[in-house]
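K.L.:
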Amino acid sequence: MQGFIINIRKAKNEDVIVTVLSKSSIESYWRFFGARHSILQVGNFIDFEIEQDRSNFMPKMRRLSHISFPWIFSANHLLIWQNFIKLFEPHLKEATQLDSFYFDLLLALAKKWDRQNPKRLAVEAYVKLLAHEGRLYDNGFCYICEEVLGDKVGLMRAYIPAHPHCIYANALDKNSVFELFNTKSTIKLEDFIIDEFYNILLKGF
54 MQGFIINIRK
64 AKNEDVIVTV
74 LSKSSIESYW
84 RFFGARHSIL
94 QVGNFIDFEI
104 EQDRSNFMPK
114 MRRLSHISFP
124 WIFSANHLLI
134 WQNFIKLFEP
144 HLKEATQLDS
154 FYFDLLLALA
164 KKWDRQNPKR
174 LAVEAYVKLL
184 AHEGRLYDNG
194 FCYICEEVLG
204 DKVGLMRAYI
214 PAHPHCIYAN
224 ALDKNSVFEL
234 FNTKSTIKLE
244 DFIIDEFYNI
254 LLKGF
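Position in the sequence shown (from 1) plus 53 gives the number in my numbering.
1) Would tyrosine 155 and leucine 183 be called neighbours here (beta carbons separated by less than 8 Å)?
2) Pop quiz: leucine 268 and isoleucine 58 are said to be a contact at Cβ under 8 Å. What is the actual Cβ separation, rounded to whole angstroms?
3) Within the continuous alpha helix (DSSP H) that includes leucine 254, where are the two ends?
4) Quick one: is valine 201 buried, meaning 16 or more other Cβ sit within 10 Å of its Cβ, or exposed?
5) Excluding five sequence neighbours on each side, which residues of the same chain lie with their C-beta closer than 7 Å to the C-beta of threonine 239?
6) By Cβ distance, which residues of its chain are closer than 7 Å to glutamate 80, with the 5 residues on each side in sequence left out?
7) For aspartate 157, which three-state DSSP category applies?
8) Quick one, are the C-beta atoms of proline 217 and alanine 224 less than 8 Å apart?
9) In chain order, what residues of the same chain lie with their CB nearer than 6 Å to the CB of lysine 256, ignoring the 5 residues before and after it?
10) Can you tell me the Cα-Cα spacing of glycine 56 and alanine 64, whole angstroms?
11) Within 10 Å of its beta-carbon, does leucine 132 have 16 or more other beta-carbons around it, so buried, or fewer, so exposed?
12) Alpha carbon to alpha carbon, how far is leucine 208 from phenylalanine 85?
13) Kindly indicate the opening and closing residues of the beta strand (DSSP E) around threonine 72.
14) In whole angstroms, give me the CA-to-CA distance for serine 91 and isoleucine 103.
15) Any idea what DSSP makes of alanine 211, helix, strand or coil?
16) With DSSP run on the structure shown, which of helix, strand or coil describes glutamine 121?
17) Would you mind reading off the limits of the alpha helix (DSSP H) that contains tyrosine 179?
18) In whole angstroms, what separates the C-alpha of arginine 62 from that of valine 69?
19) Tell me, please, which residues DSSP counts as bridged to methionine 114.
20) Write down the C-beta distance between isoleucine 99 and serine 118 rounded to the nearest angstrom, noting that I regard them as a contact closer than 8 Å.
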């Protein structure tokens, strides 16, 4: 089994409960003495075996190995990666069966995380996620007052556009925002706009 660790919770003594996003599901596993295991870090891509408990308790995780990427030793890249991947657990916590979109998205990101600005990659990935889930709000009307948007927009959580004065948000160029929605690319956006998108992303999916 392969998957990304999206959450780790302390259990009794030094045991931990590890939540893993795999290609088709999100599952939690018990790991004995997991607190001592350096591989068990949020964001790590791991390969492991599952041992089903005979008492129908939580399945156990065993024979772990870490599938690493070149950027793992860059503190900046790792921090942005962990902040991004932590958002998947609360967003998908009610799901048990998933299509492969989420796993494939993370794996594709991890493979190029050190080749491009990671904040830009996170923003682009989030727009793709919103589009996949049918939540990309791009009809040109303010979400709050339902009037037509002007040349400047503010963004709510989930990148929902509104008049800046309706939500007391920073004003962004509407054309730039909707170009991102349409192209799923940040190539034409300035870094300060990327920072704004990234900070909104951190509020949650």
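Virtual Cβ for every residue (Gly too), placed ideally from N, Cα, C.
P.N.:
So, to answer that:
1) Within the sequence shown, numbered from 1, the residue matching residue 155 stands at position 102. Within the sequence shown, numbered from 1, the residue matching residue 183 stands at position 130. No, Cβ-Cβ distance for tyrosine 155 and leucine 183 is not below 8 Å.
2) Residue coverage of the chain in this structure runs from 54 to 258, which leaves residue 268 outside it and unanswerable.
3) Looking up residue 254 in the sequence shown gives position 201. In the DSSP assignment, leucine 254 falls within the alpha helix (DSSP H) that extends over 244–254.
4) Here residue 201 is taken as the residue at index 148 of the sequence shown, counted from 1. The residue in question, valine 201, is exposed, as its Cβ has fewer than 16 Cβ neighbours within 10 Å.
5) Start at 1 with the first residue of the sequence shown, and residue 239 comes out as number 186. Contacts found: Arg173, Val176, Glu177, Leu233 and Ile247.
6) For the purposes of this step, residue 80 is identified with residue 27 of the sequence shown, where counting begins at 1. Cβ within range, chain order: Val73.
7) To locate residue 157, count along the sequence shown from 1; it is residue 104. For aspartate 157, the secondary structure class from DSSP, reduced to helix, strand or coil, is helix.
8) Reading the sequence shown from its first residue, position 164 is the one you call residue 217. Reading the sequence shown from its first residue, position 171 is the one you call residue 224. Yes; because the gap between Cβ atoms is below 8 Å, this pair is in contact.
9) Stepping through the sequence shown from its first residue, residue 256 is reached at position 203. Non-local C-beta neighbours of lysine 256 in its own chain, meaning closer than 6 Å and more than five positions away in sequence, comprise Arg210, ordered along the chain.
10) The residue labelled residue 56 in the question sits at position 3 within the sequence shown. The residue labelled residue 64 in the question sits at position 11 within the sequence shown. Spanning the alpha carbons of glycine 56 and alanine 64 requires a straight line of approximately 21 Å.
11) Taking the first residue of the sequence shown as 1, we reach residue 132 at position 79. Leucine 132 is exposed by the Cβ-count criterion.
12) Walking along the sequence shown from the start, residue 208 turns up at place 155. Walking along the sequence shown from the start, residue 85 turns up at place 32. Take the alpha-carbon of leucine 208 and the one of phenylalanine 85: they are about 44 Å apart.
13) As a first step, residue 72 must be located in the sequence shown, where it is residue number 19. Note, threonine 72: beta strand (DSSP E), 69–74.
14) Residue mapping note: residue 91 aligns to position 38 of the sequence shown, counting from 1. Residue mapping note: residue 103 aligns to position 50 of the sequence shown, counting from 1. Taking the straight line from one Cα to the other gives about 19 Å.
15) The count along the sequence shown starts at 1 and reaches residue 211 at position 158. Per DSSP, reduced to three states, the secondary structure at alanine 211 is helical.
16) Taking the sequence shown and counting its residues from 1, one reaches residue 121 at position 68. One detail in the question is off: residue 121 reads as serine in this sequence, not glutamine. Correct three-state label for serine 121: coil.
17) Here the question's residue 179 lines up with position 126 in the sequence shown. 171–185 is the span of the alpha helix (DSSP H), which, as asked, contains tyrosine 179.
18) Position 9 of the sequence shown holds residue 62. Position 16 of the sequence shown holds residue 69. Each residue's alpha carbon lies about 6 Å from the other.
19) Your numbering for residue 114 matches position 61 in the sequence shown. Looking at the DSSP assignment, methionine 114 forms a beta bridge with Ile103.
20) Mapped onto the sequence shown, residue 99 falls at position 46. Mapped onto the sequence shown, residue 118 falls at position 65. The pair is a contact, with the Cβ atoms about 7 Å apart (cut-off 8 Å).
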